[in-house]
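A.B. asks: If you read the protein sequences in the order shown, they are chains W and E. For the first sequence, counting from 1, position 77 maps to 225 in the working numbering; every step adds exactly one. For the second sequence, counting from 1, position 78 maps to 658 in the working numbering; every step adds exactly one.
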Amino acid sequence: MDFIDPHIHIASRTTDDLAVMAKMGCRAVAEPAFWMGYDRSGVNSFHDYFRQLTEWEPRRCANFGIDHYSWMGINAKEAEDVGFSREVIAELPSFLDRPTVLGIGEIGLHKCTRNEVATLELLIDLALSRGEMMVFHTPHLEDKYKGTRMILDLLRGDRRVDPARVCIDHCEEHTIRLALEEGYWAGVTLYPVTKANPRRLVDLVEMVGPDRLLANSSADWGPSDPLAVPEVVASMRRRGHPFSTIHQLVWDNPVAFLGQSAHFHAPI
Amino acid sequence: MSMPSNAVETLNRDWLPLRAALIDLAATLDRIDRAEGSVDEDARWAQIQQSLAVLSAPEANRAEQIQLIFSLPYEPNWRP
Numbered sequence: 149m150d151f152i153d154p155h156i157h158i159a160s161r162t163t164d165d166l167a168v169m170a171k172m173g174c175r176a177v178a179e180p181a182f183w184m185g186y187d188r189s190g191v192n193s194f195h196d197y198f199r200q201l202t203e204w205e206p207r208r209c210a211n212f213g214i215d216h217y218s219w220m221g222i223n224a225k226e227a228e229d230v231g232f233s234r235e236v237i238a239e240l241p242s243f244l245d246r247p248t249v250l251g252i253g254e255i256g257l258h259k260c261t262r263n264e265v266a267t268l269e270l271l272i273d274l275a276l277s278r279g280e281m282m283v284f285h286t287p288h289l290e291d292k293y294k295g296t297r298m299i300l301d302l303l304r305g306d307r308r309v310d311p312a313r314v315c316i317d318h319c320e321e322h323t324i325r326l327a328l329e330e331g332y333w334a335g336v337t338l339y340p341v342t343k344a345n346p347r348r349l350v351d352l353v354e355m356v357g358p359d360r361l362l363a364n365s366s367a368d369w370g371p372s373d374p375l376a377v378p379e380v381v382a383s384m385r386r387r388g389h390p391f392s393t394i395h396q397l398v399w400d401n402p403v404a405f406l407g408q409s410a411h412f413h414a415p416i
Numbered sequence: 581m582s583m584p585s586n587a588v589e590t591l592n593r594d595w596l597p598l599r600a601a602l603i604d605l606a607a608t609l610d611r612i613d614r615a616e617g618s619v620d621e622d623a624r625w626a627q628i629q630q631s632l633a634v635l636s637a638p639e640a641n642r643a644e645q646i647q648l649i650f651s652l653p654y655e656p657n658w659r660p
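#1: Assign Gln629(E) to buried or exposed, taking buried as 16 or more other Cβ atoms, counted over all protein chains shown, within 10 Å of its Cβ.
#2: Straight-line CA distance for Tyr217(W) to Thr202(W)?
#3: Using a Cβ-Cβ cut-off of 8 Å, state whether His322(W) counts as contacting chain E.
#4: Residues of the stretch 290 to 307 of chain W in Cβ contact with chain E at a cutoff of 7 Å, in chain order, please.
#5: Apply the 10 Å Cβ neighbour rule to Trp399(W) and answer buried if 16 or more other Cβ atoms are within range, or exposed otherwise.
#6: Which of the three DSSP states, helix, strand or coil, is assigned to Leu375(W)?
#7: Mind checking whether Ala224(W) and His285(W) have CB atoms under 8 Å apart?
#8: Mind pulling the chain W residues with CB within less than 9 Å of Gln647(E)?
#9: Note down, one range per segment and in chain order, each alpha helix (DSSP H) of at least 4 residues found wholly within the stretch 613 to 659 of chain E.
#10: Is Glu655(E) close to the ligand GDP? I mean its beta-carbon at under 7 Å from any heavy atom of the ligand.
#11: For Lys399(W), which residues does DSSP report across the bridge?
#12: So Ala367(W) and Pro378(W) are in contact, right, with Cβ under 8 Å, and what is the actual spacing, rounded?
#13: At a Cβ threshold of 8 Å, is Arg360(W) touching chain E?
#14: Quick one: list the residues of chain W neighbouring Trp658(E), beta-carbon separation under 9 Å, in chain order.
#15: Report the three-state DSSP secondary structure of Met384(W) (helix, strand or coil).
#16: Quick check: Leu276(W) and Ser233(W), are their CB atoms within less than 8 Å of each other?
#17: Just by C-beta distance, which residues in the stretch 625 to 652 of chain E are closer than 7 Å to chain W?
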C-alpha cells in the first residue's frame, strides 16, 4: 500500500533505506529539523543543515520516486542558550520560503526548562506572525506528560493559533487525548523502546478513532525503523481493519495535514 | 470506537507474544533479585511495583495508568 511518512529524519538514513522504503510504497516524506545527535558549534552548522534538508535530501529521495519535504526549526535540546537560539531563528525566514518547506518544526520542550520555554515562545511567535504550520516535539519518557501540557498551555494562550494547522507529535496513551480534545493533530511515533510501537498505535486507533492521527517512524540515527509505517499497515490488516481506515491513517491524514501548506503537493 | 475486537480472537492472536512478554518480565525481575545489592530504595523500583499492581487490576486503561506512573507531575501554575 502506498504511504506517506510524515515524520522521518532522512538525513540520518542510508540510501539503502530509501530504496526499501520506495519498494514498500513510500511516496512522500516530511523531515523536521532536529537534534543530529550532537550539539552544533555555531549558527553556520545549522545553516548547512537547513541547506541539506532543502537541497540535498530532496534530490536523494527523488532518485527513488519519493517526494521530500521539510520543517525548519531549532530543537529543544539545543535551545537552552536563548541568545544562540535567537541567532538560529534569524536564519529561518529565508529557508521557510523554499519550495519544499512546510513550516516550523520540530520545536518543543526537552527538559521543560525556563530557557527552553523562552526559545519556544520565540519560535511560536515567528510561526504565527508568518502564518506557518507547526510540528511540536513533546519530551521523552518522564517529561512527556508535563511537557505536553506545558506546550498546550502556551498554544492555548495565543489567539492566533489554529489547532488544525498544528501537530502535537510523539503522543502516547497518556497524552493523545490531550492533543485531540483541543483540536490538534496527534502524531504517534513508532520508535522501539522509548515511544509507541505499531501494535500500540493500532490500539490507539481503536480507542480514539483514526481522525487527525498521523503515524510516523521518526526514524533517525538511533534504534528505529524506516519501515514502521508499513508495519502499521500489516498490523491493521492482521486485526481486520478495513482498507478505508488503513488508507486514511497512512495516506489521507498526512495529505490532509501537510496539504494545508501551499508547498505540499500530494503524490499522484 | 473503531473495530471493537472479539476478546477470544484477540487472546488467540496475542497469546504467544503476551506469554513471552510475561516470562521476559518475570526473568528480568528474577535477574535483579539474583544480583548483589538491593534496589528497594530506588524510586524506579517503586514505580515498577506500582505498575505490576496496575497489570492485575480490572480497568481497561492499564497502559495509560502505567504511563502516568512513569511521568513527572504537571504543575498548572508552572509559568513564573
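Glycine residues also receive a C-beta, built at the ideal position from the N, C-alpha and C atoms. Keep in mind the model is a prediction, meaning the values are calculated, not measured.
C.D. replies: Taking the geometry as given:
#1: With fewer than 16 other Cβ atoms within 10 Å, it is exposed.
#2: For Tyr217(W) and Thr202(W), the distance between alpha carbons rounds to 8 Å.
#3: Yes, its Cβ sits closer than 8 Å to a Cβ of chain E.
#4: Result list: Glu290, Asp291, Lys292, Tyr293, Lys294, Arg297 and Met298.
#5: Flag for Trp399(W) reads buried.
#6: If DSSP states are grouped into helix, strand and coil, Leu375(W) belongs with coil.
#7: Cβ distance < 8 Å, so Ala224(W) and His285(W) count as in contact.
#8: Correct list: Lys292, Tyr293, Glu320, Glu321, His322 and Thr323.
#9: Within the stretch 613 to 659 of chain E, the complete alpha helix (DSSP H) segments at least 4 residues long are 623 to 635 and 642 to 649, listed from N- to C-terminus.
#10: Within the structure as shown, the ligand GDP is missing, as the structure has no ligands at all.
#11: Checking the sequence, you will find Trp at residue 399(W) rather than Lys. According to DSSP, which records beta bridges pairwise, Trp399(W) is partnered with nothing at all.
#12: Here Ala367(W) is actually not in contact with Pro378(W); their C-beta atoms are around 12 Å apart, not less than 8 Å.
#13: Chain E, which has no Cβ nearer than 8 Å to the Cβ of Arg360(W), makes this no.
#14: Around Trp658(E), the beta-carbon contacts reaching into chain W at under 9 Å are Cys260, Val265, Lys294, Arg297, Met298 and Asp301.
#15: DSSP places Met384(W) in helix when its eight states are reduced to three.
#16: Inclusion of Leu276(W) and Ser233(W) in the CB contact set at 8 Å is not warranted, their separation being larger than that value.
#17: Answer in chain order: Ala643, Glu644, Gln647, Leu648, Phe650, Ser651 and Leu652.
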